[in-house]
Amino acid sequence: MNNALCSASRERSVAIDPKCRELIKDLRQVRWKRDAVGNPVGDLDKSDPRRTHVSDALSYLVAREFGLHGKSGEMPGSPR
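The sequence shown begins at 1385 in this note's numbering and counts up by one.
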């Protein structure tokens, strides 16, 4: 998803219309949950019920349109 918004080479595959206010809020406000000392724990913070739904929907569209790619060097289906 991040790569579609802006890749390392500064290419953009997805543009967000300014009228998509809830999507823009999601992309700006959704954060990782954090432990007691402030370290990210790997799950999204879903404490605000208005957040994550719209950005999830966009991620499904991006996955369908552009495909999913593993980390550099990983083969799809290979053990981690």
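Don't be surprised by glycine CBs; every beta carbon is placed ideally from N, CA and C.
| Asked | Found |
| --- | --- |
| With a threshold of 16 other CB atoms inside 10 Å of the CB of Asp1410, please say whether the residue is buried or exposed. | buried |
| Would you tell me roughly how many angstroms separate the C-alpha atoms of Arg1405 and Ala1392, rounded to the nearest one? | 26 Å |
| Looking only at C-alpha atoms, which of Ile1408, Ser1397, Pro1402 and Glu1395 sits nearest to Asp1440? | Ile1408 |
| Going by other Cβ atoms of all chains shown within 10 Å of its Cβ, with 16 needed for buried, is Arg1435 buried or exposed? | buried |
| Does DSSP put Asp1440 in a helix, a strand or coil? | helix |
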